[in-house]
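Student: I'd like to ask some things about the structure below.
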């Protein structure tokens with residue numbers, strides 16, 4: 001029997017009906033896979049069904065039915081998205097996934113301890129969904145929390161230029177704001193990535209300050225997340241002859257450094 005896929009079982013069935021040019025009442029449906037939404041697009045699997053046209057309604061031309069429509073058999077491996085998809089996920093899409101996921105368990109106004117426990121579980125679920133299970137260790141500095149992820153697959157959780165890790169941190173921060181009674185801020189770290197990144201930003205700030213002074217022209221830095229822009233701004237705030245401001249829209253917002261004239 002021909003197989004058809006879709007984001008949901010109903011969409012897969014509709015796809016098959018269009019391809020076979022028949023009505024819903026004209027076929028028998030065998031659900032092969034109900035599909036899986038995945039987490040942030042990771043581990044997503046399409047729903048798959050096979051359709052058998054009922055003999056009572058098979059009044060076809062003498063050519064085989066397959067020539068009338070196209071039956072596509074999708075390899076399961078093609079249904080699984082890799083972690084690189086996270087880097088393409090916008091903040092709006094991340095938030096939408098979070099809202100959908102959180103509807104299954106309404107947790108609000110949690111104490112700090114309960115909220116921290118929930119976030120640790122949340123991170124465990126995320127890393128497991130990414131096939132990079134991690135041990136979560138927590139470091140607390142008043143209202144700021146650092147969640148250290150220990151895993152054998154650091155590169156998978158960090159991503160190119162830290163984009164995957166930044167997306168995870170954004171998601172966790174949004175979730176924390178939703179569930180915690182008090183306002184708690186979050187940093188998610190893998191290995192010593194945040195420390196290495198901070199050192200890179202410090203060197204960037206120094207080079208940028210030197211370039212602005214040498215040329216007298218503003219320097220436009222590459223887009224970076226808000227917490228990194230804030231870090232560079234703080235580093236340059238000590239230079240009274242310079243000023244910084246952000247331009248653009250998230251997630252492509254960037255920092256401009258110029259002389260304070």
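In UniProt numbering, the protein residues as written are 1 to 261.
By construction, the Cβ of each residue, glycine as well, lies at the ideal position given by its N, Cα and C atoms.
Computed from a predicted model, the values in this text were never measured in an experiment.
1. Is DSSP giving residue 165 helix, strand or coil here?
2. Would you decide whether residue 16 is buried or exposed? Buried here means 16 or more other CB atoms lie within 10 Å of its CB.
3. Could you check where the beta strand (DSSP E) with residue 6 kicks off and where it finishes?
4. Would you kindly report the start and end of the unbroken beta strand (DSSP E) that includes residue 180?
5. Restricting to Cα atoms, I'd like to know which of 125, 126, 46, 146 is closest to residue 116.
6. Can you give the Cα-Cα distance for residue 184 and residue 29, rounded to whole angstroms?
7. Given the structure, does residue 17 come close to the ligand ATP, in the sense that its CB is under 6 Å from one of the ligand's heavy atoms?
8. Would residue 226 be called buried (16 or more neighbouring beta carbons within 10 Å of its own) or exposed?
9. Where do the ends of the beta strand (DSSP E) carrying residue 242 lie?
10. Ends of the beta strand (DSSP E) at residue 53?
11. Looking at the strands, I want to know which residues DSSP matches up with residue 255.
Tutor: This is what the structure gives:
1. helix
2. buried
3. 3 to 6
4. Per DSSP, residue 180 belongs to no beta strand (DSSP E) and is neither H nor E.
5. 146
6. 50 Å
7. The ligand ATP is absent from the structure shown, which contains no ligand whatsoever.
8. exposed
9. 242 to 247
10. 47 to 53
11. 246
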